[in-house]
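Peer 1:
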């Protein structure tokens with residue numbers, strides 16, 4: 172067990188690894204999505220993610236892939252605008268006290284109302 176902890180410590184102290192993180196990220200994202208026509212990606216924006224993160228993600232994913240990002244309520248308008256600039260879709264949680272389903276359904280177009288009722 173002690174050897175394994177030392178190995179992890181050595182890995183985490185490796186400064187060259189930190190310099191390679193963008194390249195590693197790009198390769199992993201590219202490998203995972205290269206054969207997908209669409210993908211949904213959940214993003215916790217509380218830490219690193221920004222427009223630069225979105226640009227890095229966009230460079231790793233094939234341009235023809237339809238991407239939907241799923242985010243929490245911590246995102247701001249600029250974040251969503253940038254997602255739209257990239258040609259992607261998003262699902263974002265909003266912070267509100269309480270909404271009645273009837274008031275939400277009344278505001279939806281018939282297309283979306285039918286989608287909600289199916290689920």
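In my numbering, the protein residues as written are 172 to 290.
No residue lacks a Cβ here, since even glycine has one placed at the ideal position from N, Cα and C.
Predicted, not measured: the structure shown is a model, and the values here were computed from it.
1) Nearest to residue 250 by CA position, among 190, 214 and 233, is which residue?
2) Relative to the alpha-carbon of residue 198, which residue among 233, 177, 208 and 254 has its alpha-carbon at the smallest distance?
3) Check whether the Cβ atoms of residue 212 and residue 176 lie closer than 8 Å to each other.
4) Check the C-beta distance from residue 208 over to residue 237 and give it rounded, since I have them as a contact under 8 Å.
5) What did DSSP end up calling residue 164 once you bin it into helix, strand or coil?
6) I'd like to confirm the pairing. Which residues does DSSP put opposite residue 242 in its beta bridges?
7) Just reading off the alpha helix (DSSP H) that residue 271 is part of, what are its end residues?
8) Might you give, ordered along the chain, the residues of its own chain that have their beta carbon closer than 8 Å to the beta carbon of residue 205, omitting 5 neighbours on each side?
9) Looking at residue 239 and residue 260, is the spacing between their C-beta atoms short of 8 Å?
10) Can you give me the Cβ contacts of residue 178 inside the same chain, cut-off strictly under 6 Å, excluding the 5 residues immediately before and after it?
Peer 2: So, to answer that:
1) Nearest of 190, 214 and 233 to residue 250, Cα basis: 214.
2) 233
3) For residue 212 and residue 176, no; Cβs fall outside 8 Å.
4) 7 Å
5) Outside the displayed span of the chain (172 to 290) sits residue 164, for which this structure offers no information.
6) Bridge partners of residue 242 according to DSSP: 214 and 263.
7) Residue 271 -> no alpha helix (DSSP H), and no H or E assigned at all.
8) 233
9) yes
10) The beta carbon of residue 178 is closer than 6 Å to none in its chain, skipping five residues each way along the sequence.
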